[in-house]
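Presented below is the structure to which this report refers.
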Amino acid sequence: MTAEAPTRNDLSAKLIGSTRKLGEQTAFYASALASTGEAVRRYPAEVLRLIAVMGMGTGALAVIGGTVVIIGFLTLSTGALIAVQGYNTLSNVGIEALTGFLSAFLNVRFIAPATAGVALAATIGAGATAQIGAMRINEEIDALEVMGIRTITYLASTRVVAGVLVVIPLYTVAVLMSFLATRFGTTIIYGQSRGVYDHYFFTFLQPSDLLWSFIAALTMAAGVMVIHTYYGFTATGGPAGVGEAVGRAVRTSVTATVFVLLTITLAVYGQSGNFHLSG
Amino acid sequence: MAQKPHASIAPQAAWAKPAVAVGDFVVLAGETFAAMFRRPFAWRELLDQIWFVARVSIVPTVMLSMPYTVLIVFTLNVVLLEVGAGDLSGAGAALASVTQVGPVVTAIVVAGAGATAMCADLGARTIREEIDAMTVMGVNPIRALVVPRVVAATFVALMLYSVVAVVGLAGSYVFVVFVQHVTPGSFVAGMTLLTGLPQVIVSLVKALLFGLSAGLIACYKGLSVGGGPTAVGNAVNETVVFAFMALFLINILATAFGVKVAP
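Taken in order, these protein sequences are the chains called F and B. Quick note: the first sequence uses my numbering, first residue 12, plus one each step. Quick note: the second sequence uses my numbering, first residue 158, plus one each step.
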């Protein structure tokens, strides 16, 4: 880095560079998403292999139980948060019986999808950037291109398909864990009667909310996968560059998941709220 | 610092590797705490690191805290407006952003932005054998590199929590008043209904613990990187996963503790 103040030329070059990067990024996302069909047709074996790898995780992460355990643990802890904070806050105003309602309402609409988005970015997303980035540095991607393989389809689109498919069981586990954690905390630890908890929980649990929550999780998974494959694909600067690319990808995709969730929430519940206290 | 055991004495069982890693981490944490209060303190490195962590964290902080608070305030207001208690949305917003969204967003940013960047930086130095060179020259890497990084992560986490809480409250004010048409006066009046100084202090303690543990995890993973291009990427991946798990665990324990001391 130089100590001089940036001149006008530097600034305009920077502006042009970042605009070009934005365009390249958009083009990459579009072609990665557009060739998902081709990826399934041409490389079904690769998609299956990626599903297995993503579900179990690799290296030190597989030792602690893989992606399922990590995502389950994270939603377990945020679900328990509802029990701790919700039960205590509600009991301040004497309506702790409604903790079951909080679980059915907040876990489904906000807590579970938000936590799952962050967890997906950290696990399958960051793993994809590390793998693809290492392939780029080892010039394996160039080798694939020379062999006439469409690298974006083979490396990025397959991962988008695998990520979206693997999220279905993962998110099921995540939502169940958040429900179980809130129920366990409220009924076993704080000693609320199970009948009261279950009554309010099932009264306010709406299947359509769960469906939207699932759609949000699937959209976030697709977003996380395209962002992370892009950063892996464009990694430069030797082994150190791969690490930096993983960090940048996590920063971007964590922000992106929240915006996806915000957009879906406002679009679905913005007009009516889909909440009826009196039937 | 985290030394790899020699191949001939390294235990061979499958469970031995994670056990050795946990042991190494505890050693690193102990050495860091011991070196923290010993002179000379690497002030210049500390300032550099504070600037570095703050620089990579500030944009994700602002970009995360506003949508998170708006989301939770919106979801709570669906209920409050239905039962005709829209005036209480200030209480919900303050409780959500000060006690929960603030610490959780701080945890996500410190682990996802600060720790990843720190681990990538240290990992790059490790594979370029800069750390070994420092040791040979008689410079203690713990004192010169790890202590300033851990202190910087802790300090920045504290500052970030304040930014998250203020940005979140401001964002929810704008959203609730201008989009959902709640009276501004009742929003502001409700803010201190459930939330006060004790809650803020508990959250600040949480942020401090987040920064400390994320910094230690990032430094451990960065210093114990093996060779090859996959290694640094995997180290950063493991950093973000372990940091998230540690921070979410600390958050739930600290919350349970917090509602006892500051109901």
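Glycine residues also receive a C-beta, built at the ideal position from the N, C-alpha and C atoms.
Using CA coordinates, which residue listed in the options is at the minimum distance from residue i?
i	options	result
residue 255 of chain B	B/397, B/269, B/178 and B/320	B/320
residue 131 of chain F	F/78, F/176, F/193 and F/216	F/78
residue 36 of chain F	F/244, F/251 and F/114	F/244
residue 209 of chain F	F/24, F/286, F/254 and F/195	F/195
residue 140 of chain F	F/166, F/66, F/175 and F/121	F/166
residue 125 of chain F	F/154, F/138, F/285 and F/266	F/266
residue 304 of chain B	B/313, B/373 and B/363	B/373
residue 162 of chain F	F/19, F/240, F/264 and F/270	F/240
Taking just the CA atoms, how far does residue j sit from residue i?
i	j	result
residue 414 of chain B	residue 283 of chain F	38 angstroms
residue 172 of chain F	residue 156 of chain F	21 angstroms
residue 229 of chain B	residue 333 of chain B	11 angstroms
residue 277 of chain B	residue 395 of chain B	11 angstroms
residue 260 of chain F	residue 61 of chain F	19 angstroms
residue 276 of chain F	residue 45 of chain F	26 angstroms
residue 389 of chain B	residue 256 of chain F	10 angstroms
residue 252 of chain F	residue 237 of chain F	19 angstroms
residue 54 of chain F	residue 164 of chain F	9 angstroms
residue 249 of chain F	residue 63 of chain F	28 angstroms
residue 329 of chain B	residue 306 of chain B	33 angstroms
residue 199 of chain F	residue 279 of chain F	34 angstroms
residue 402 of chain B	residue 261 of chain B	12 angstroms
residue 335 of chain B	residue 259 of chain B	23 angstroms
Would residue i pass as a contact of residue j if the rule is Cβ separation under 7 angstroms?
i	j	result
residue 43 of chain F	residue 123 of chain F	no
residue 263 of chain B	residue 367 of chain B	yes
residue 392 of chain B	residue 272 of chain B	no
residue 245 of chain B	residue 237 of chain B	yes
residue 379 of chain B	residue 315 of chain B	no
residue 214 of chain B	residue 266 of chain B	yes
residue 59 of chain F	residue 192 of chain F	no
residue 135 of chain F	residue 398 of chain B	no
residue 121 of chain F	residue 232 of chain B	yes
residue 221 of chain F	residue 119 of chain F	yes
residue 211 of chain B	residue 313 of chain B	yes
Residue range of the alpha helix (DSSP H) that residue i falls in?
i	result
residue 294 of chain B	Per DSSP, residue 294 of chain B belongs to no alpha helix (DSSP H) and is neither H nor E.
residue 158 of chain F	Residue 158 of chain F -> no alpha helix (DSSP H), and no H or E assigned at all.
residue 98 of chain F	98-103
residue 179 of chain B	173-193
residue 89 of chain F	77-92
residue 206 of chain B	200-239
residue 344 of chain B	341-351
residue 318 of chain B	304-331
residue 51 of chain F	47-53
Which class does residue i belong to by DSSP, given the choice of helix, strand or coil?
i	result
residue 194 of chain F	helix
residue 367 of chain B	helix
residue 36 of chain F	helix
residue 178 of chain F	helix
residue 308 of chain F	A query on residue 308 of chain F cannot be resolved here, the shown segment of chain F reaching from 12 to 290 and no further.
residue 203 of chain F	coil
residue 245 of chain F	coil
residue 270 of chain F	helix
residue 144 of chain F	helix
residue 226 of chain F	helix
residue 107 of chain F	helix
residue 29 of chain F	helix
residue 197 of chain B	coil
residue 285 of chain B	coil
residue 239 of chain F	helix
residue 395 of chain B	helix
residue 290 of chain F	Because the pLDDT at residue 290 of chain F is just 49, under 50, the model does not fix this residue reliably, and the value given afterwards should be weighed accordingly. Coil, per DSSP.
residue 381 of chain B	coil
residue 118 of chain F	helix
residue 408 of chain B	helix
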